[in-house]
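Residue numbers (our numbering): 35 to 162. Here a beta-carbon is modelled for each residue, glycine too, at the ideal position from N, C-alpha and C. Here the structure is a predicted model, which is why all the values come from computation and not from measurement. Below is one structure; the comments refer to it alone.
So this is what it looks like as structure tokens:
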């Protein structure tokens with residue numbers, strides 16, 4: 035594993051200035067996120083009380099971090115994980131599956147606060 039991908043909870047905490055996330059990431063050369071996370075952050079910013087300022091913060095975040103796209107390989111990983119979890123009777127939200135698939139595809143750990151990511155055996159999940 036070469037680094038961490040931030041899920042939406044970790045990215046939002048970083049944007050809020052949560053010192054725990056910053057501390058967890060301080061020794062990494064590069065930090066990543068998924069285009070799905072950027073979409074969720076933009077949605078949250080658009081529906082916030084201070085939309086213009088929050089949209090600027092999300093835009094700055096998206097420039098400062100490596101944003102990984104979804105492609106055919108991501109889709110294959112997503113489908114495999116979704117089928118496995120469905121068979122186990124342990125589904126998780128689709129956007130979180132896309133985020134996890136991106137982390138797995140790029141051999142990254144996933145920084146998050148959602149216990150359901152622990153259901154994905156091949157995912158290295160970390161909280162802060």
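Residue interval of the beta strand (DSSP E) (run including residue i)
i           : result
residue 73  : It is not in any beta strand (DSSP E) - residue 73 instead sits in the alpha helix (DSSP H) that spans 69 to 80.
residue 144 : 143 to 145
Secondary structure of residue i, DSSP reduced to three states
i           : result
residue 48  : helix
residue 59  : helix
residue 111 : helix
C-beta atoms of residue i and residue j nearer than 7 Å
i          : j           : result
residue 77 : residue 39  : no
residue 69 : residue 101 : yes
residue 44 : residue 55  : yes
residue 97 : residue 79  : no
Boundaries (first-last residue) of the alpha helix (DSSP H) holding residue i
i          : result
residue 97 : 85 to 98
For residue i, the nearest candidate out of the options (CA to CA)
i           : options          : result
residue 64  : 86, 42, 140, 154 : 140
residue 109 : 57, 136, 53, 94  : 136
residue 126 : 105, 118, 150    : 150
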